[in-house]
Amino acid sequence: MPVASGVVAELFQAPKGTRDVLPPESDRWQRLVAVFAGVMGRAAYGLVQSPMFEDIGVFQRLGEGTEVVRKEMYDFYDKGDRRLALRPEGTASVVRAFNQHRPTVPWKVWYLTPCFRYEEPQAGRFRQHHQVGAEAIGSADPDLDIEVIALQHDFYRALGLSHLSLRLNSMGSPGDRQAYAERLATWLGQRLGDLDEADRANVADHPLRVLDSKRERTVAVVADAPRITDHLSDEAAAHFARVQAGLDALGVAYEIDSRLVRGLDYYTHSTWEFAAGALTSAQNAVGGGGRYDGLAESLGGKPAPGVGFGAGIERILLAADAEEALLDTAASVDVFVVDVTGGGAGRNLTFELRRNGISADRAFDARSMKAQMKVADRSGARLALLVGEEELAAGTVTLRDLRSGGSQTALARGDVVHEVAARLAR
Ligand code: HAM
1136 MPVASGVVAE
1146 LFQAPKGTRD
1156 VLPPESDRWQ
1166 RLVAVFAGVM
1176 GRAAYGLVQS
1186 PMFEDIGVFQ
1196 RLGEGTEVVR
1206 KEMYDFYDKG
1216 DRRLALRPEG
1226 TASVVRAFNQ
1236 HRPTVPWKVW
1246 YLTPCFRYEE
1256 PQAGRFRQHH
1266 QVGAEAIGSA
1276 DPDLDIEVIA
1286 LQHDFYRALG
1296 LSHLSLRLNS
1306 MGSPGDRQAY
1316 AERLATWLGQ
1326 RLGDLDEADR
1336 ANVADHPLRV
1346 LDSKRERTVA
1356 VVADAPRITD
1366 HLSDEAAAHF
1376 ARVQAGLDAL
1386 GVAYEIDSRL
1396 VRGLDYYTHS
1406 TWEFAAGALT
1416 SAQNAVGGGG
1426 RYDGLAESLG
1436 GKPAPGVGFG
1446 AGIERILLAA
1456 DAEEALLDTA
1466 ASVDVFVVDV
1476 TGGGAGRNLT
1486 FELRRNGISA
1496 DRAFDARSMK
1506 AQMKVADRSG
1516 ARLALLVGEE
1526 ELAAGTVTLR
1536 DLRSGGSQTA
1546 LARGDVVHEV
1556 AARLAR
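Quick note on numbering: the sequence shown equals residues 1136 to 1561 in this note's numbering.
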């Protein structure tokens, strides 16, 4: 609706906890995603795209014990009275899609997605963040745990990050996990008074969340809690040993952390997190993952084990800043076209260059030669092509080399693409 004259329209800002990604930062995003696509593509993972929202039930299977489900979901009713939610993470939708389409296994896919969580925003924590991630579904082979962990590791390396540490744990089989949760609840129940008050309510129903607590009093208590790695079934212990041996063989350094339970309830067997040394500890996880052998079934599908990870783009870029990796490169065109005859000749020339694979930009608004040349200099282009009245009449274009003191050559209009391509190749 147009604003009535004299009324000052509200200047809108991006919603709290979200941010705009503009050039040149967006150029870093593109490069990050290209590196990820390369690493995953070479390992035969294909891109999967699924809807940004799902029936809320899909995400409720992440576990009623998780903050993501209990407090942070962006849920709503649509006009058809369906209860939907924006995805808080990538795995549930991918497993829903696996159940629906029943592809051949192992199904190896990667994704790039925004995730929505109603969290209290702070540095490195957003209400809309973005993940690149991968899932391998349909096989319980520990070599797939090893594969996805090593690929995640190689992705960070390919970005130029080196100050990362990997913590690894096993949640055991679903039975181990359940038995451990009960053992832990009993143990914590005997120390209720020593725990931070805010964590006490979780002891009976969600004891694993207590292990995850960052509150000082609780951290001190759980330091002595029973460790899940001391209570693994033989099968789970063998799986875990195989994963460790595989990572050793591939030169992926890790540290076992039996208190690493992660924030989502679907994990069985391997769980892990990569942390950036350069970031403050509350938001230093640049990615995490694990195996989720019961998730497909809990979403109504046939049993299908799976394993994967998600990595937060915003946090990776913060870590990259700290390590001076993945630096901004000024995205510049090769050619800048300046036209002081009205713009039509310059427009046609610009498109002819682009259609021949040469990057080119131009000035708009029929500005003066001086003003257009300023834009040309700022553009970072190597060459400028000038069209004035004289050139137009003579059927020529003046080529100016912006990097070598502005030397000029007159070119016949029909030779421009060929000449420019030859100069750029030099
Ligand atoms: P997650 O640990 O909840 O796991 O998130 C993965 C990564 O996303 C985190 O390590 C962090 O880098 C980033 N992240 C999470 N929340 C935020 C936030 N509020 N602001 C900024 N970055 C954030 C998952 O989402 C699982 N789906 C990973 C997975 C895939 N497990 C198996 N397959």
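Even glycine gets a Cβ: it sits at the ideal position worked out from N, Cα and C.
Do you know whose CA, among the options, lies nearest residue i's CA?
{"i": "F1290", "options": "G1447, S1467, T1226 and L1559", "result": "G1447"}
{"i": "G1549", "options": "L1286, R1517 and N1483", "result": "N1483"}
{"i": "L1382", "options": "H1288, P1159 and G1268", "result": "H1288"}
{"i": "R1489", "options": "V1470, D1474 and Q1507", "result": "V1470"}
{"i": "Q1563", "options": "E1524, A1454, A1528 and R1517", "result": "This structure gives no information on residue 1563, because the portion of the chain shown stretches from 1136 to 1561."}
{"i": "A1178", "options": "L1546, D1392, E1282 and T1531", "result": "E1282"}
{"i": "V1555", "options": "R1262, V1174, W1322 and V1468", "result": "V1468"}
{"i": "G1398", "options": "R1205, E1160, G1192 and V1170", "result": "R1205"}
{"i": "E1459", "options": "P1241, S1185, H1298 and K1151", "result": "H1298"}
{"i": "D1359", "options": "L1330, K1437 and R1222", "result": "L1330"}
{"i": "L1521", "options": "V1532, A1275, S1514 and R1513", "result": "V1532"}
{"i": "A1466", "options": "G1445, A1501 and R1513", "result": "R1513"}
{"i": "R1196", "options": "G1307, R1352 and D1400", "result": "D1400"}
{"i": "L1167", "options": "D1210, P1150, L1294 and Y1180", "result": "L1294"}
{"i": "A1380", "options": "R1352, I1191, D1280 and T1248", "result": "D1280"}
{"i": "D1496", "options": "R1502, A1480, G1479 and V1473", "result": "V1473"}
{"i": "G1477", "options": "G1515, T1239 and E1524", "result": "E1524"}
{"i": "Q1257", "options": "T1153, F1444 and H1366", "result": "T1153"}
{"i": "L1395", "options": "L1385, A1384 and V1354", "result": "V1354"}
{"i": "L1537", "options": "L1527, G1515, A1528 and E1526", "result": "G1515"}
{"i": "T1239", "options": "S1274, A1269 and G1141", "result": "S1274"}
{"i": "P1159", "options": "D1463, G1481 and R1558", "result": "D1463"}
{"i": "K1151", "options": "P1186, A1139, H1264 and R1558", "result": "H1264"}
Tell me which same chain residues have a C-beta within less than 6 Å of the C-beta of residue i, skipping the five on either side of it?
{"i": "A1420", "result": "E1408 and A1410"}
{"i": "P1277", "result": "H1374, R1377 and V1378"}
{"i": "A1498", "result": "Q1507 and V1510"}
{"i": "V1193", "result": "A1227 and R1231"}
{"i": "G1425", "result": "Y1402, S1405 and T1406"}
{"i": "N1491", "result": "V1552"}
{"i": "I1272", "result": "F1233, W1242, A1439 and G1441"}
{"i": "M1306", "result": "R1312, Y1402, T1403 and T1406"}
{"i": "H1366", "result": "Y1315"}
Please return the same chain residues whose Cβ sits closer than 8 Å to the Cβ of residue i, not counting the five positions on each side in sequence.
{"i": "A1172", "result": "L1182 and W1245"}
{"i": "Y1212", "result": "R1218 and L1219"}
{"i": "A1414", "result": "Per the sequence shown, the amino acid found at residue 1414 is Leu instead of Ala. Excluding residues within five positions, the ones whose Cβ falls inside 8 Å are G1259, V1421, R1450, L1453, A1454 and A1457."}
{"i": "G1310", "result": "S1368"}
{"i": "G1200", "result": "N1337, D1340, H1341, L1343, R1344 and D1400"}
{"i": "P1361", "result": "Y1315, R1318, L1319 and W1322"}
Which class does residue i belong to by DSSP, given the choice of helix, strand or coil?
{"i": "I1363", "result": "helix"}
{"i": "Q1235", "result": "helix"}
{"i": "G1181", "result": "strand"}
{"i": "E1563", "result": "This structure does not reach residue 1563, given that the chain is present from 1136 up to 1561, and the question cannot be answered."}
{"i": "N1337", "result": "coil"}
{"i": "V1354", "result": "helix"}
{"i": "R1302", "result": "strand"}
{"i": "T1153", "result": "coil"}
{"i": "V1522", "result": "strand"}
{"i": "F1147", "result": "coil"}
{"i": "P1249", "result": "strand"}
{"i": "S1348", "result": "coil"}
{"i": "S1405", "result": "strand"}
{"i": "Q1390", "result": "In the sequence under discussion, the amino acid at residue 1390 is Glu, which differs from the Gln named in the question. In the structure shown, E1390 sits in a strand (DSSP, three-state: E or B)."}
{"i": "V1244", "result": "strand"}
{"i": "P1342", "result": "helix"}
{"i": "R1558", "result": "helix"}
{"i": "L1399", "result": "coil"}
{"i": "E1254", "result": "coil"}
{"i": "Q1313", "result": "helix"}
Flag residue i as yes when its Cβ comes closer than 7 Å to any non-hydrogen atom of the ligand COA, and as no otherwise.
{"i": "G1424", "result": "Although the ligand COA was asked about, the structure shown includes only the ligand HAM as ligands."}
Excluding sequence positions up to five away, which residues of its chain have a Cβ less than 7 Å from the Cβ of residue i?
{"i": "L1284", "result": "The question names Leu, yet the displayed sequence has Ile at residue 1284. The answer, listed in chain order, is L1382, V1387 and W1407."}
{"i": "N1234", "result": "A1431, L1434, G1435 and G1436"}
{"i": "L1546", "result": "T1531, V1532, L1534 and E1554"}
{"i": "E1487", "result": "V1552"}
{"i": "Y1209", "result": "A1220, L1221, F1251 and Y1253"}
Comparing the C-beta of residue i with each C-beta of chain C, is any distance below 8 Å?
{"i": "F1251", "result": "Chain labels in this structure do not include chain C; a single protein chain is all it has."}
Practice item. Jot down the residue ranges of each uninterrupted beta strand (DSSP E) in the stretch 1407-1481, minimum 3 residues, whole runs only, in chain order. Key: 1420-1426, 1441-1447 and 1470-1474
Point to revise | Three or more C-beta pairs below 8 Å linking the stretch 1339-1351 and the stretch 1309-1320 | key: yes
Check your understanding: Can you give, in chain order, each stretch of the alpha helix (DSSP H) that sits fully within the stretch 1185-1225 and has at least 4 residues?
Key -> 1191-1195 and 1202-1205
Exercise for review: Answer yes if the stretch 1223-1230 comes into contact with the stretch 1423-1431, meaning at least three C-beta pairs across the two stretches below 8 Å, and no otherwise.
Suggested key: yes
Review point. Does the stretch 1292-1302 come close enough to the stretch 1382-1394 to have 3 or more Cβ pairs within less than 8 Å?
Key: yes
Exercise for review: Please go through the stretch 1257-1300 and give each complete beta strand (DSSP E) segment of 3 or more residues, from N-terminal end onward.
Suggested key: Taken in chain order, the complete beta strand (DSSP E) segments of 3 residues or longer contained in the stretch 1257-1300 are 1263-1272.
Point to revise | beta strand (DSSP E) runs contained entirely in the stretch 1493-1546, provided each spans 3 or more residues | key: 1495-1497, 1518-1522 and 1531-1536
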